[in-house]
Amino acid sequence: MDNTNENTDKDSQINSNSQEKDGIDTVYLLSVIYKSRYFIIIFTFVISVASIIYVLVAQPMYESETKLYPVNKGEASPLQEIASTFGMANKIENSNLLEVIRSRIVAKEIIKKKYKTLEYKDSVNLIQYWKVEELFPEPEFALGWGVYLLSQVAVSREDKETGVITIKVRMPERQLAADIANNFATVVTEVLQSEQRMITVKTRQYIESRLEEAEKRLIDAEEEMIRFKEQNYQHNSPALRAEIVKVERKYTLMQSFVSMLSKQRELILLEEARDKPVVNILDTADISYKPVSPKKREVVITNTIIAFLFSSFFSFLMKKYYSRNKIEQLIRLIKDSN
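When the letters of the sequence shown are read in order and numbered with the numbering used here, they come out as residues 15 to 352.
#1: So if DSSP puts residue 81 in a beta bridge, which residue, or which two residues, is it bridged to?
#2: Does the region 323-331 come into contact with the region 229-248, if we say contact requires no fewer than three beta-carbon pairs (one atom in each stretch) closer than 8 Å?
#3: Can you find at least 3 beta carbon pairs, one from the region 115-122 and one from the region 198-208, that sit closer than 8 Å?
#4: What residue does the beta strand (DSSP E) around residue 172 start on, and which one ends it?
#5: Identify the continuous alpha helix (DSSP H) that holds residue 317 and give its terminal residues.
#6: The alpha helix (DSSP H) with residue 292 in it runs from where to where?
#7: For residue 32, which residues from the same chain have a beta carbon less than 8 Å from its beta carbon, with the 5 sequence-adjacent residues on both sides left out?
#8: Using three-state DSSP, classify residue 68 as helix, strand or coil.
#9: Between the region 58-78 and the region 177-196, do three or more beta carbon pairs fall short of 8 Å?
#10: If you check the beta carbons only, do residue 146 and residue 296 fall under 8 Å apart?
#11: Judging by CA-CA distance, which residue of 136, 124, 180 is the nearest neighbour of residue 205?
#12: Opposite residue 185 in the DSSP bridges: which residues?
#13: Would residue 143 be called buried (16 or more neighbouring beta carbons within 10 Å of its own) or exposed?
#14: Which class does residue 307 belong to by DSSP, given the choice of helix, strand or coil?
#15: Which word fits residue 316, buried or exposed, when buried means at least 16 other C-beta atoms lie within 10 angstroms of its C-beta?
#16: Residue 129 by DSSP, collapsed to three states: which one?
#17: If distances are taken between C-alpha atoms only, which option among 243, 308, 139 comes closest to residue 157?
#18: Could you tell me whether the Cβ atoms of residue 111 and residue 293 are closer together than 8 Å?
#19: Can you confirm whether the region 233-245 touches the region 301-315 when touching is taken to mean that 3 or more C-beta pairs between the two stretches lie within less than 8 Å?
#20: Name the two residues that bound the continuous alpha helix (DSSP H) containing residue 277.
#21: Could you give the residue range of the alpha helix (DSSP H) that holds residue 134?
#22: Quick one: is residue 275 buried, meaning 16 or more other Cβ sit within 10 Å of its Cβ, or exposed?
#23: Leaving out the 5 sequence neighbours to the left and right, which residues in its chain are closer than 7 Å to residue 36 when beta-carbon positions are compared?
This is the structure in C-alpha cells:
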C-alpha cells in the first residue's frame, strides 16, 4: 500500500514538473519575442512594404477561357460509311481533340495570326509581340521559341466525365488573351475541316477510279453477253441455257456494282460541297477585367505572416545558441588568461 502511494506521488510530481517546464518554455519564447520586438517589427514591416511595392508594380495578367466539345462520334456520316466499306480509316472520327489543340500545327497557326495590342500601333503576330526575333533572327528558331512561349500562357484540359475541353490563356492584355483563346477554337476547326476535306477528296478520287474500272468491265460483260447470245441463238440445250444464265448473272452483278459506286460518288460529292461541323464551341472567350495575378491581398498578407514567423524563429535561435556560444567563448578566454 505504501509503495502504491509513493508511485502515485512520483507520477504527480513528474506531471507537475512537465507542466511547469512547458510553462517555462512558453514564457521563455514570449520573452525572447518581446526582447527582439524591434527587430521583428522592423523586419516584418520591411517585408510588408516590399510586398506592397511588388503588387503595385508587378505586371497584371488577365485570363480568358473558351470551351469546346467534339462532335457526336456516334453519328455515322456518308464519308464514314464509305470509308468503312473500302477499309479506309477516318482520321477525323478517331482523332483526339485535346491532342489536336496541343499540337504544333495549331500553335504555329495561332502564332502567325495578327492581333491588335496596346503596345503596338499596327496589328502584330505573337513572334513580334514577344520580340522573339531579337533573340532568334532565324525564322525557324523564332517560331519554335514562340510555340514554347504559347505553351506557357495557354493551358488546355479535358473533363473526363463530360468530354468538355477548356482552354485558358493568360496575357498582360485582356483583349489579347480573349483573342488568342477564341483563335484556338477557330484554328482547331480550320485544321480539322481541312483534314476532313483532304480525306473526302482522296475518297472521291478512289471511288471514281473504281467506278471507271467497273464501267469498263460492265461494257465488256455486256458485249460478252450479246456476242454469246448471237452465236448461240439457234441452240436451246440445258447446258447452253445454264451458260446464258451465268453470263447474264455476271452482267447483272457488274451493273449493280456500278450503280452502287455511282451512288457513293454522289454522296461524296455532296459531302465535299458542305462544311461538316467538327467542333462544337460551347463558350467563347470574353474579356476579363479583373487580373488573375498578382493576387494583391493574398500576397501581402501571406508575406507578412511568413516574415513575422521567420523573424521570431530567427530571434529564438540567436538567443538560444548564439548567446550560449558567446558565454562559452568568454569563459574559455578567462581560463586561458589565468
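Where is the CB? At the ideal position from N, CA and C, for every residue including glycine.
Once the coordinates are examined:
#1: According to DSSP, which records beta bridges pairwise, residue 81 is partnered with 180, 297.
#2: Contact between the region 323-331 and the region 229-248 is absent, with fewer than three C-beta pairs closer than 8 Å.
#3: Between the region 115-122 and the region 198-208, the count of C-beta pairs closer than 8 Å reaches three or more; the two stretches touch.
#4: Start and end: 168-172.
#5: 310-331 is the span of the alpha helix (DSSP H), which, as asked, contains residue 317.
#6: No alpha helix (DSSP H) holds residue 292; DSSP gives it neither H nor E.
#7: Low local confidence applies: a pLDDT of 49 at residue 32 is under 50, so the model's placement there is unreliable, and no value is given.
#8: Here residue 68 sits in helix by DSSP.
#9: Segments in contact, yes.
#10: No, Cβ-Cβ distance for residue 146 and residue 296 is not below 8 Å.
#11: Per the Cα distances, 124.
#12: DSSP, once it has assigned bridges, lists 76 as partnering residue 185.
#13: Answer is buried; the Cβ neighbour count reaches 16.
#14: Of the three classes helix, strand and coil, the one that applies to residue 307 here is strand, per DSSP.
#15: With fewer than 16 other Cβ atoms within 10 Å, it is exposed.
#16: Assigned with DSSP and collapsed to three states, residue 129 falls in strand.
#17: The option with the nearest alpha carbon to residue 157 is 139.
#18: Inclusion of residue 111 and residue 293 in the CB contact set at 8 Å is warranted, their separation being smaller than that value.
#19: These segments do not touch.
#20: 252-287 is the span of the alpha helix (DSSP H), which, as asked, contains residue 277.
#21: For residue 134, no alpha helix (DSSP H) run applies, since DSSP gives it neither H nor E.
#22: Classification for residue 275: buried.
#23: The pLDDT assigned to residue 36 is 48, lower than 50, so where the model puts this residue is not dependable; a value taken from the coordinates is nonetheless given after this. Taken in chain order, the list of residues that qualify is empty.
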